[in-house]
Amino acid sequence: MKCYYCALEGKESEAVAICIVCGMGLCMDHAIRKDVDVWEGGYPLPSRRVKAPLPRILCPACYAALYEKGK
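Just so you know, we're using our numbering here: the sequence shown kicks off at 7 and counts up by one.
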């Protein structure tokens, strides 16, 4: 699999990760690693945060949509 962003730029690089949100293939230059808090608990409450965050890989577009406010 090739990196989608590199393909748009006319380059060819191997994907090393897949965005957890959209499934896009990403190279090391375009992959964004984000530690995400995980919550568990019953409905509707109480819920509690799991002790350690889980690492997730996001593409630049999904990262911007989820974490960059005001854009």
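Beta carbons: idealized from backbone N, C-alpha and C, even for Gly.
This structure is a prediction, so every number in the text was calculated from the model and none was measured.
From this set, Val22, Lys8, Leu60 and Tyr10, which residue's C-alpha is nearest valine 44's C-alpha? Leu60
Just the Cα atoms here: how many angstroms apart are arginine 54 and glycine 48? When the Cα atoms are used, arginine 54 and glycine 48 turn out to be separated by approximately 10 Å.
What is the rounded straight-line gap between the Cα of tyrosine 10 and the Cα of valine 22? 11 Å
Taking only three categories from DSSP, how would you classify alanine 23? DSSP places alanine 23 in strand when its eight states are reduced to three.
Could you check which residue in Tyr69, Ala58 and Val56 has the C-alpha nearest to that of lysine 40? Tyr69
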